[in-house]
Amino acid sequence: MDTWTYEGHAGELAARRWPVDQPRYVAVLCHGYGEHIGRYEWVAQTLNGHGASVYGVDHAGHGRSAGEGVLIRDFDDVVADLHLLVQAAEEENPGLPVVLVGHSMGGMIAARYVQLHGEELTAVVLSGPVIGRWATVDSLLAMEEIPSTPIDPATLSRDPAVGAAYAEDPLVWHGDFKRPTLEALQEAMRRIAAGGSFGQLPVLYLHGEDDQLVPIGASQAGISAVRGARTEAKVYPGARHEIFNETNKDEVLADVREFIDGVLGV
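Quick note on numbering: the UniProt record's numbering labels position 209 of the sequence shown as 209, and the sequence is numbered without any gaps.
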């Protein structure tokens, strides 16, 4: 793994790559709200073992990237930042298929990326995506003053070590939601709903059935509004929000690898 920076819409962005010799494809990871790409080491290493060179970046205002903490005024700007990363990955791996993997808010960003730059992608994986509507956003925006609403680490995984590591991670945002970010999340979901279907692009939608942070019902409805002819879905009974960090994470990543192999014709 190595790191570098590049200029994004709100300043310098902290990017990572996990390269392999003679990769079969490129995987681009897109992290969720308040976290950072360093929390995806396990996913990156697993995809390395599957023949992928892996790339990721801390979104503006997240992790080691510049910008006020978790402040995002327009998610199309974040999509543009991600587009620069994908282009860099393509330049370093000319001609290879590109698979975009987005989790939670990152799944929302990935869904919007499909609508704006889908022709560059070979496949997409969406994990517990914020899409359709997110009741947390609606309820907080309805309040005159936004109360303290840190994310409960217990909602992330049945593995208590995951929540403990999250709570102790200094690069994770442990503060409150900011109104402009909530408004931008709401607007991004509107744009996705109005932005057209995923068409013929292969998309794998995954969700934990016991996801209390991004409940499955609203997310499934959001996917239904934009799903294309090659959109597949799988639900994991008992699993919470971070299915890549769940007690059945091996099963989840095996499903991701099987999906990618199917798309690549392996």
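Don't be surprised by glycine CBs; every beta carbon is placed ideally from N, CA and C. Given the structure is predicted, the values throughout are model-derived calculations rather than measurements.
Asked: Return the chain-ordered list of same chain residues with a C-beta closer than 7 Å to the C-beta of Val263, the five sequence neighbours on each side being excluded.; Found: Thr122, Ala123 and Pro202
Asked: Using three-state DSSP, classify Ala135 as helix, strand or coil.; Found: helix
Asked: Taking only runs that begin and end inside the segment 45-126, name each unbroken beta strand (DSSP E) of 3 or more residues, in chain order.; Found: 52-57 and 98-103
Asked: Can you confirm whether the segment 165-181 touches the segment 91-108 when touching is taken to mean that 3 or more C-beta pairs between the two stretches lie within less than 8 Å?; Found: no
Asked: Where does Gly38 land, buried or exposed, given buried means 16+ other C-beta within 10 angstroms?; Found: buried
Asked: Does the Cβ of Met108 have 16 or more other Cβ atoms within 10 Å, making it buried, or fewer, making it exposed?; Found: buried
Asked: If you check the beta carbons only, do Tyr33 and Met143 fall under 8 Å apart?; Found: no
Asked: Do you know offhand how far Gly265's Cα is from Arg179's?; Found: 45 Å
Asked: Can you tell me where the beta strand (DSSP E) with Leu206 in it begins and where it stops?; Found: Val203 to Gly208
Asked: Quick one: is Trp4 buried, meaning 16 or more other Cβ sit within 10 Å of its Cβ, or exposed?; Found: exposed
Asked: In terms of residues, what are the limits of the alpha helix (DSSP H) holding Asp2?; Found: Run containing Asp2: none in the alpha helix (DSSP H); it sits in the beta strand (DSSP E), Asp2 to Gly8.
Asked: Per the DSSP calculation, Arg17 is bridged to which residue(s)?; Found: Asp2 and Tyr55
Asked: How is Glu242 classed by DSSP in three states: helix, strand or coil?; Found: coil
Asked: Could you name the residues that DSSP lists as bridge partners for Glu25?; Found: For the sequence presented, residue 25 should be read as Tyr rather than Glu. According to DSSP, which records beta bridges pairwise, Tyr25 is partnered with Ala52.
Asked: With 16 other CB atoms within 10 Å as the buried threshold, where does Trp42 fall?; Found: exposed
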